[in-house]
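Trainee: I'd like to ask some things about the structure below.
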């Protein structure tokens, strides 16, 4: 993701992942624009914080796909789930091999 934006599939939607310093001006480390299918993350974050923020925004995008708003997770729930999932993946690197088999 050095110069070329990463495009990922989130349940059939093609999201472009951008490193964007402008999110900081809006008081955030990351943003998910579901209508434009763009996720923006502050490139100044540490490697770990960048990964955590990206996963957090991916969860927002996943919630927006087909989930009625009254059933979507709160910001606190997404924060918790994102941090927990990224920590589980960090502590268990072989887990990705099992999940992707």
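Residue numbers (my numbering): 1335 to 1435.
Where a beta carbon is used, it is the ideal one built from N, C-alpha and C, also for glycine.
The model shown is predicted, which means the values in this text are computed figures rather than measured ones.
1. What is the rounded straight-line gap between the Cα of residue 1418 and the Cα of residue 1375?
2. Between the alpha carbons of residue 1407 and residue 1391, how many angstroms are there, rounded?
3. Give the secondary structure of residue 1406 by DSSP, where H, G and I count as helix, E and B as strand, and everything else as coil.
4. With DSSP as the reference, label residue 1400 as helix, strand or coil.
5. Report the option in 1361, 1404, 1382 and 1371 whose CA atom is closest to the CA atom of residue 1425.
6. Does DSSP put residue 1359 in a helix, in a strand, or in coil?
Mentor: The relevant details are as follows:
1. Between residue 1418 and residue 1375, the C-alpha separation is close to 19 Å.
2. Residue 1407 and residue 1391 have their alpha carbons spaced roughly 12 Å apart.
3. coil
4. Of the three classes helix, strand and coil, the one that applies to residue 1400 here is coil, per DSSP.
5. 1382
6. helix
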